[in-house]
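Undergrad: Below you'll find the structure I mean.
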Amino acid sequence: MQITVLGAGTIGLSWVRRFVAGGHDVVVCDPRPDLADALATLP
1 MQITVLGAGT IGLSWVRRFV AGGHDVVVCD PRPDLADALA TLP
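Numbering (full-length UniProt numbering), first residue to last: 1 to 43.
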């Protein structure tokens with residue numbers, strides 16, 4: 001299943017972690033300039 005998360009703050013990134021751990025494809029939408037760095041820190 002593909003899931004889109006709108007907002008990559010603390011809560012949004014927590015949801016991304018859970019969805020990825022569950023084997024889902026996740027698309028993250030957020031205007032923050034450090035989005036790639038924030039996603040790179042996810043396990």
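Just so it is clear, CB atoms sit at the ideal spot from N, CA and C, and this is done for glycine as well.
All of these numbers come straight from a predicted model, not from anything done at the bench.
Is Ala8 near Ala36, with beta carbons less than 7 Å apart?
TA: Along the sequence shown, read from residue 1 onward, the residue named residue 8 stands at position 8. Along the sequence shown, read from residue 1 onward, the residue named residue 36 stands at position 36. No. Outside cutoff.
Undergrad: Do Val5 and Trp15 come within 7 Å of each other at the CB atom, strictly closer than that value?
TA: Taking the sequence shown and counting its residues from 1, the one referred to as residue 15 is at position 15. Taking the sequence shown and counting its residues from 1, the one referred to as residue 5 is at position 5. Closer than 7 Å, so yes.
Undergrad: Inspect the beta-carbon positions of Leu42 and Arg18 and report whether they are closer than 7 Å.
TA: Against the sequence shown, residue 42 aligns to sequence position 42. Against the sequence shown, residue 18 aligns to sequence position 18. Taking 7 Å as the Cβ cut-off, Leu42 and Arg18 do not qualify as a contacting pair.
Undergrad: For Leu42, which three-state DSSP category applies?
TA: Walking along the sequence shown from the start, residue 42 turns up at place 42. Leu42: coil per DSSP, three-state reduction.
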